[in-house]
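Chemist:
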Amino acid sequence: MTVTVVGIGGSVRSDSQSERALHGALAGAREAGAKVHAITGSNLVLPFYDPLVTERTDNARDLVEALRAADGIVLSSPGYHGTVSGLVKNALDYVEDLRDDDRPYLEGRAVGCIGAAYGWQATVTTMQALRSVVHALRGWPTPLGAAVNSAETQMGPGGDCADAKVAANLRTIGRQVVEFAQQRQV
Ligand SMILES: Cc1cc2nc3c(=O)[nH]c(=O)nc-3n(C[C@H](O)[C@H](O)[C@H](O)COP(=O)(O)O)c2cc1C
Numbered sequence: 046m047t048v049t050v051v052g053i054g055g056s057v058r059s060d061s062q063s064e065r066a067l068h069g070a071l072a073g074a075r076e077a078g079a080k081v082h083a084i085t086g087s088n089l090v091l092p093f094y095d096p097l098v099t100e101r102t103d104n105a106r107d108l109v110e111a112l113r114a115a116d117g118i119v120l121s122s123p124g125y126h127g128t129v130s131g132l133v134k135n136a137l138d139y140v141e142d143l144r145d146d147d148r149p150y151l152e153g154r155a156v157g158c159i160g161a162a163y164g165w166q167a168t169v170t171t172m173q174a175l176r177s178v179v180h181a182l183r184g185w186p187t188p189l190g191a192a193v194n195s196a197e198t199q200m201g202p203g204g205d206c207a208d209a210k211v212a213a214n215l216r217t218i219g220r221q222v223v224e225f226a227q228q229r230q231v
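Sequential numbering from 46 applies to the sequence shown in the working numbering.
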């Protein structure tokens, strides 16, 4: 069975560094045989999650349905003031809509986490913050995460990167997400 990997992240500005890093990891998932689907940029613009509001915008419905169907996930956030951006965190708050599923929240799914910031400190704290969210959502952070420092490395369109180590790191994350999903399908 083909594995489906959903990537979420980036900033509102399309083709941001964090979005490009996400595409780098999704390329690794694709190379490992997965069907990939990225939800980025303006598609992440959602109303603030309110547990008392049940109506969903088209963007919110698409996000929740994509996560519900996903066999694996990749998250990529810019580091804003040392942590996950509000845009990405608000999108993750919508995982609450999966609480009553047979497979609640992100249960049973591997989740690759990428922090992209303009310095080492925020890249690492952002990646770590994403991992904490994934634990809270019952997902399995991949063994390898990525800290992409845009002060030292520029991601290119489509997730290419002149720094071979960063490119390989991102691709490995995508591959690890797929391998975990394949192991659970056996
Ligand atoms: C509101 C805001 C807060 C930011 N805070 C930090 C920070 O605390 N540390 C840091 O290294 N970079 C910080 N940055 C820079 C971004 O993390 C950096 O541009 C990175 O490349 C990811 O942004 P992008 O995905 O939008 O390109 C901040 C940027 C903005 C817009």
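Backbone N, C-alpha and C fix where the C-beta goes; we use that ideal spot for every residue, glycine too. Remember, it's a predicted structure, so these values are computed and weren't measured experimentally.
1) Is the distance from the Cβ of G184 to the Cβ of V156 below 8 Å?
2) May I have the straight-line CA-CA distance separating A72 from N214, to the nearest angstrom?
3) Looking only at its chain, what residues have a beta carbon closer than 7 Å to the beta carbon of A196, apart from the 5 residues adjacent to it on each side?
4) Between Y94 and V193, what straight-line distance do the alpha-carbon atoms span, to the nearest angstrom?
5) By Cβ distance, which residues of its chain are closer than 6 Å to A167, with the 5 residues on each side in sequence left out?
6) Run through the stretch 121 to 182 for me and flag every whole alpha helix (DSSP H) of 4 or more residues, listed as ranges in chain order.
7) Consider the C-beta atom of R62 and the heavy atoms of ligand 1; say whether any pair is separated by less than 7 Å.
8) Does H232 pass the burial test, meaning 16 or more other C-beta atoms within 10 Å, or should it be called exposed?
9) Assuming A115 and V50 are in contact, meaning their beta carbons sit under 8 Å apart, how far apart are those beta carbons, in whole angstroms?
10) Under three-state DSSP, which class holds P202?
11) Taking 8 Å as the limit between beta carbons, can you name the residues of its chain near L143, skipping five residues before and five after?
12) Just to confirm the assignment, what range does the alpha helix (DSSP H) spanning N214 have?
13) Where does A192 sit, in a helix, a strand or coil, going by DSSP?
14) Using 10 angstroms around the beta-carbon of P188, count the other beta-carbons present and answer buried if the total reaches 16, otherwise exposed.
15) With a Cβ-Cβ cutoff of 8 Å, do G54 and I159 count as a contact?
16) Would you kindly work out how many angstroms separate the C-alpha atoms of N88 and A191, rounded to a whole number?
17) What three-state label does DSSP hand G73 in the structure shown?
18) Quick one: Cα of A70 to Cα of P96, how far?
19) Distance check for T102 and H82, CA to CA, integer angstroms please.
20) Which term fits S121, buried or exposed, when burial requires 16 or more other beta carbons within 10 angstroms of its beta carbon?
Modeler: In short:
1) Taking the sequence shown and counting its residues from 1, one reaches residue 184 at position 139. Taking the sequence shown and counting its residues from 1, one reaches residue 156 at position 111. Yes, these two residues count as a Cβ contact at 8 Å.
2) Numbered from its first residue, the sequence shown carries residue 72 at position 27. Numbered from its first residue, the sequence shown carries residue 214 at position 169. In this model, A72 and N214 are separated by some 12 Å (Cα to Cα).
3) The residue labelled residue 196 in the question sits at position 151 within the sequence shown. Around A196: Y163, G164.
4) Sequence index remark: in the sequence shown, residue 94 carries index 49 (1-based). Sequence index remark: in the sequence shown, residue 193 carries index 148 (1-based). C-alpha separation (whole angstroms): 28 Å.
5) The residue labelled residue 167 in the question sits at position 122 within the sequence shown. Excluding residues up to 5 positions away in sequence, G124, G127 lie with their Cβ nearer than 6 Å to the Cβ of A167 in the same chain.
6) Complete alpha helix (DSSP H) runs here, min 4: 131 to 138, 165 to 181.
7) The sequence position of residue 62 within the sequence shown is 17, counting from 1. Note that residue 62 corresponds to Gln in the displayed sequence, not to Arg. Yes, Cβ of Q62 sits closer than 7 Å to a heavy atom of ligand 1.
8) No information on residue 232 is available, as it lies outside the stretch 46 to 231 that the chain covers here.
9) As a position in the sequence shown, residue 115 is number 70, starting the count at 1. As a position in the sequence shown, residue 50 is number 5, starting the count at 1. So it is a contact: roughly 7 Å between Cβ atoms.
10) Within the sequence shown, the letter at position 157 stands for residue 202. P202: helix per DSSP, three-state reduction.
11) In the sequence shown, counting from the first residue as 1, residue 143 sits at position 98. Answer for L143: V109, L112, R113, P149, Y150, L151, listed in chain order.
12) Position 169 of the sequence shown, counted from the start, is the residue given in the question as residue 214. 209 to 230 is the extent of the alpha helix (DSSP H) around N214.
13) Stepping through the sequence shown from its first residue, residue 192 is reached at position 147. In the structure shown, A192 adopts extended strand secondary structure according to DSSP, grouped into three states.
14) Looking up residue 188 in the sequence shown gives position 143. With fewer than 16 Cβ atoms within 10 Å of its Cβ, P188 is classed as exposed.
15) Against the sequence shown, residue 54 aligns to sequence position 9. Against the sequence shown, residue 159 aligns to sequence position 114. Taking 8 Å as the Cβ cut-off, G54 and I159 qualify as a contacting pair.
16) Against the sequence shown, residue 88 aligns to sequence position 43. Against the sequence shown, residue 191 aligns to sequence position 146. Each residue's Cα considered, the two are about 23 Å apart.
17) Start at 1 with the first residue of the sequence shown, and residue 73 comes out as number 28. In this structure, G73 counts as helix in the three-state DSSP scheme.
18) Looking up residue 70 in the sequence shown gives position 25. Looking up residue 96 in the sequence shown gives position 51. C-alpha separation (whole angstroms): 32 Å.
19) For the purposes of this step, residue 82 is taken as the residue at position 37 of the sequence shown. For the purposes of this step, residue 102 is taken as the residue at position 57 of the sequence shown. So the two alpha carbons sit approximately 19 Å from each other.
20) Residue numbering aside, residue 121 sits at position 76 when the sequence shown is read from its first letter. Buried, because 16 or more other Cβ atoms sit within 10 Å of the Cβ of S121.
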